[in-house]
Amino acid sequence: MGRWTQLLAVLLATIALANAVEIKITQDDTQKCSGMYSKKSWGGNVEPFILVKFIKADTKGDDAADPLVSIVIWEWKDSDLIGKPPGAPPDEQKFICNDETIKDNLCNATHKGEFILADNAATVSKNFIRTDAVHLKAPAPIKYPITASDAGTTMFLRTGYYCVATAPYIDGQEYTAVLEFRNAYGELPAAEIAKLPFYGGITILYAVIGVFWGFLYFQNRSDILAVQNYITAIIVFLVAEMLMTWGFYDYRNRHGDNVGAKVLMIIVAVLNAFRNSFSFFLLLIVCMGYGVVKPSLGKTMTIVRWLAVAHFVFGVVYAVASLTIHPDDAGPLVLLVILPLSATLTAFYIWTLNSLNMTMKDLTDRKQHVKAMMYKRLWWCILTSIIVIFGFFFINSFTFAGARSPDFAPTHWQTRWFILDGWLNLVYLGDVCFVAYIWRPTANNRRFAMSDEIAQDDEGFEIASLRDSLDEEEGSSSNPPAYDPAPRQGRHSANRDVSPLPAPTPQKPIARPRESLDGDTIFAVGEDDKWSDDEDMEPASPDGDERRGLTKKGD
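Below, the structure written as structure tokens:
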């Protein structure tokens, strides 16, 4: 019955703390730390504070001993001021003021049951250090910093990394306490509050990108490629996903980690898995040349879609497992969650890079330089992203090399969120902006995608060489020439070695229509019927087809 009473007391104390950053402290888990911001740093309606509430001990009889628990609250920079003798290794220091330490003159009898502090702690410490001896028979709440009613003065909490440590006065004593780190701005932990404006800003950026993309899409809606529809879909999805993520952190900041926050967290995890799968799918079909080089991928598109679906399913399973399974409890079965996701991710990486290389090679071989340049820029974008990611991981490896150091969390608690999550979102944002700019809707989408660039660097090709080959065929034929471009010097010269017309110099095409040898436009509108009539009236000749390639019938 006593055990159930303690559990009920813990539950009531938890509810009374209004869903703030609440942590449980027991005799097995005696110390907790968290970063905190001052009211001036982030604003808010209340002064930030730390509150500890111990659960009343279940004592039997009036003559039962009063259990005692020592507690100390301090900012991490003042850790050297706790324990004596100062400067000694932690395993050689004494931390609790008891009969033994009082006898050794390490503390005063008036501080029995408290933590031992340095003699000059009150003047040297950067922040106030509070230590108390809590009587579990009638425990009083411990609040930090102290208020005017406590000591006749008012102290304000400064930005820093604060810790709460407890210890039983007698070994083996059981106790339970609920700890609250309450910031001025709301319920979010101080290490995560920066995510709120970060995701808000990214949501606005994606919305701006969506507005510009939507304007171009509507302006050129009659000339949209299939791949641009996929890009439109992912931009709309990114706006919705970032808005949901932003809303999740805002909800947690307002209401704490209640049931609604848990539901929103699962939704955000599923949306994140869908974003990853959709992004890999879109990047793969773009690298395959879908919409620009190939109008359709055929059965390959079906395979790519199934791969994206598999990656999404494994991503959701991984997200749910990471939210429900504690890392310390994860056994070999966790490989069943990680390995399938790693397999689909590897398949996307290899297939994407191979497809991009094959598309670039195909365009280069066909001398499609403009399209090849598009995919070459995409290749540089992917390469730059990979270099940035690996470079950032390489730099962070030195930072996380000291993760086991006691000073790691106090030093990096304000920037750890960006190392783990923030910068990857910035790299992804840059890639989305690049792809959206290169594949943006224009007035000539279909013309550019469905047409081939005219090759301009064919080596050794001249009109004179074609003319000479035709003349050689004419000389070897028994039929009389039907066309003589210039008067001959003598009938005995059946073959001429040099053309009387100068060989034209190959030039780059210009915007105006090219003209034929007779000065008429080759692709002139309204001349089709005339050409057809002339061709019907002209008698057939053996070499007429070849001559039609160079001259126009009917002057």
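Going by mature numbering (1 follows the signal peptide of the UniProt record, and there is no 0), the letters in the sequence shown line up with residues -20 to -1, 1 to 535, in that order.
For each residue, glycine too, the CB sits at the ideal point set by N, CA and C.
The beta strand (DSSP E) enclosing residue i, as first and last residue numbers
| i | result |
| --- | --- |
| Val216 | Run containing Val216: none in the beta strand (DSSP E); it sits in the alpha helix (DSSP H), Ala206 to His235. |
| Val26 | Unbroken run through Val26: none, as it is neither H nor E. |
| Val144 | Gly140 to Pro148 |
Contacts around residue i, its chain only, beta-carbon distance under 8 angstroms, and the 5 residues preceding and following it disregarded
| i | result |
| --- | --- |
| Ala118 | Lys36 |
| Ile96 | Ile62, Gly63, Lys64, Lys74, Phe75, Ile76, Cys77, Thr81, Leu86 and Cys87 |
| Asn376 | Ile399 |
| Trp22 | Asn163, Ala164, Tyr165 and Ile173 |
| Leu277 | Ile265, Met268, Tyr270 and Val284 |
| Asn233 | Tyr165, Gly166, Glu167, Leu168, Ile173 and Leu176 |
| Leu336 | Cys267, Tyr355, Leu358, Trp359 and Ile362 |
| Ser18 | Pro28, Phe136, Leu137, Arg138, Thr139 and Ala164 |
| Ala352 | Met340, Leu343 and Thr344 |
Simplified DSSP state of residue i, which is helix, strand or coil
| i | result |
| --- | --- |
| Leu159 | strand |
| Ile53 | strand |
| Asp342 | helix |
| Asp46 | coil |
| Met135 | coil |
| Pro390 | helix |
| Asp99 | coil |
| Phe34 | strand |
| Cys87 | coil |
| Tyr329 | helix |
| Lys19 | helix |
| Tyr165 | coil |
| Lys351 | helix |
| Lys279 | helix |
| Lys356 | helix |
| Ser59 | helix |
| Asn424 | coil |
| Ala301 | helix |
| Gly152 | coil |
| Gly93 | coil |
| Ala323 | helix |
| Ser335 | helix |
| Cys361 | helix |
| Asp203 | helix |
| Ser377 | helix |
Contact set for residue i: own chain, Cβ-Cβ below 7 angstroms, skip 5 residues either direction
| i | result |
| --- | --- |
| Thr339 | Cys267, Met268, Gly269, Val273 and Tyr355 |
| Ala327 | Leu287 |
| Gly93 | Leu48, Ser50, Cys77, Ala113 and Tyr149 |
| Phe372 | Trp403 |
| Gly240 | Tyr231 |
| Thr332 | Leu263, Leu264 and Cys267 |
Segment limits, alpha helix (DSSP H) that includes residue i
| i | result |
| --- | --- |
| Gln199 | Lys175 to Gln199 |
| Ser259 | Val239 to Cys267 |
| Glu80 | Asp79 to Lys83 |
| Ser14 | Where Ser14 is concerned, there is no enclosing alpha helix (DSSP H), although the beta strand (DSSP E) it sits in stretches over Gln11 to Met16. |
| Gly410 | Trp403 to Ile418 |
Beta-ladder partner(s) of residue i, from DSSP
| i | result |
| --- | --- |
| Glu2 | Glu160 |
| Arg110 | Ile53 |
| Lys123 | Leu31 |
| His291 | Paired residue(s): none; His291 is not in a bridge. |
| Lys117 | For Lys117, which the question treats as bridged, DSSP gives no partner whatsoever. |
| Lys74 | Lys64 |
| Lys274 | Tyr270 |
Cβ distance (whole Å) where residue i is taken to contact residue j below 8 angstroms
| i | j | result |
| --- | --- | --- |
| Gln7 | Val144 | Incorrect: roughly 14 angstroms between the Cβ atoms, too far for contact. |
| Ile211 | Trp360 | About 19 angstroms separates the two Cβ atoms, so there is no contact after all. |
| Ala164 | Glu55 | Actually they are not in contact, since the Cβ atoms of Ala164 and Glu55 sit about 17 angstroms apart, beyond 8 angstroms. |
| Val52 | Phe34 | With a Cβ gap of about 14 angstroms, Val52 and Phe34 do not count as contacting. |
| Glu167 | His235 | 7 angstroms |
| Tyr155 | Pro47 | 7 angstroms |
| Asp58 | Ile109 | 6 angstroms |
| Trp226 | Tyr179 | 4 angstroms |
| Tyr124 | Phe29 | 6 angstroms |
| Thr139 | Met281 | That belief does not hold up - the Cβ atoms of Thr139 and Met281 are roughly 54 angstroms apart, past 8 angstroms. |
| Trp193 | Ile214 | Wrong, their Cβ atoms sit about 10 angstroms apart, outside the cutoff. |
| Ala147 | Arg396 | With a Cβ gap of about 28 angstroms, Ala147 and Arg396 do not count as contacting. |
Same chain, Cβ closer than 6 angstroms to residue i, five either side skipped, listed in chain order
| i | result |
| --- | --- |
| Glu221 | Leu251 and Arg255 |
| Ala249 | Ala299 |
| Gln153 | Pro47 |
| Thr183 | Met222, Leu223 and Trp226 |
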